[in-house]
Each structure stands twice: as C-alpha cells, then as structure tokens.
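Everything below concerns the one structure shown next.
Numbering (the numbering used here), first residue to last: 6 to 95.
Right under this line is the structure:
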C-alpha cells in the first residue's frame with residue numbers, strides 16, 4: 006500500500022495555503038483533489054485559522070520579513086543618485 010505524498014499538487018498553485026513543500030492545513034493535499042475540488046483552496050476560514058494559530062513566529066518569521074524588505078529595497082535607487090552595486094566590489 007502506497008502512502009500519499011505530502012507535497013502540494015499542481016492544482017494547489019495560487020492557493021494561499023500552499024507553502025511549496027507542504028500544505029498549511031492538510032497533511033495529504035493529493036487526497037483533497039480527488040473530487041477535482043479542494044475544500045481548502047483559497048478558503049477564507051482556513052486562511053484565517055492558519056494566520057491566527059499556525060503561522061511562523063520567532064526567528065523564521067523575522068527572516069521572511071527581512072527577505073521581503075530586502076527585495077523591495079533592491080529596487081529603490083539611492084538618494085544621491087549612485088546606482089547600487091550587486092555582489093562584491095572589484
């Protein structure tokens with residue numbers, strides 16, 4: 006007997022509960038798509054439950070915040086007009 010995969014299927018693409026390596030709510034997302042309709046796909050109740058109880062806290066959450074802020078800061082030019090260099094200075 007095979008165990009179903011814990012990875013999200015391609016139908017999970019675009020769902021707020023899709024964490025790329027696993028689903029935020031369901032242990033086996035492939036079983037939820039057997040009827041061609043997942044009950045958790047962008048369901049506001051499940052998303053709210055995830056954000057209130059299961060969302061990352063602590064160092065990992067702070068790291069995600071830093072990464073998202075760094076992505077935005079790379080697109081903004083410097084005040085003196087000097088273009089930001091990426092990588093090491095040679």
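Glycine included, each C-beta is placed from N, C-alpha and C at the ideal position.
All values derive from a computational prediction rather than experimental measurement.
Asked: Using alpha carbons as the reference points, say which of 77, 23 and 41 lies closest to residue 56.; Found: 23
Asked: Within its chain, find whatever has a CB closer than 7 Å to the CB of residue 51; leave out the 5 residues flanking it on each side and keep chain order.; Found: 22, 30 and 45
Asked: Alpha carbon to alpha carbon, what distance is there between residue 68 and residue 76?; Found: 12 Å
Asked: Using a 10 Å radius around the Cβ and a threshold of 16 neighbouring Cβ atoms, would you call residue 37 buried or exposed?; Found: buried
Asked: Output the boundary residues of the alpha helix (DSSP H) element that contains residue 3.; Found: One cannot answer for residue 3 here, as it falls past the ends of the chain, which runs 6 to 95.
Asked: For residue 47, collect the residues of the same chain with a Cβ closer than 7 Å to its Cβ; drop the 5 residues on either side in sequence, then sort them by chain order.; Found: 20 and 21
Asked: Inspect the beta-carbon positions of residue 9 and residue 27 and report whether they are closer than 7 Å.; Found: no
Asked: I'd like the span of the alpha helix (DSSP H) that includes residue 54, first residue to last.; Found: 49-54
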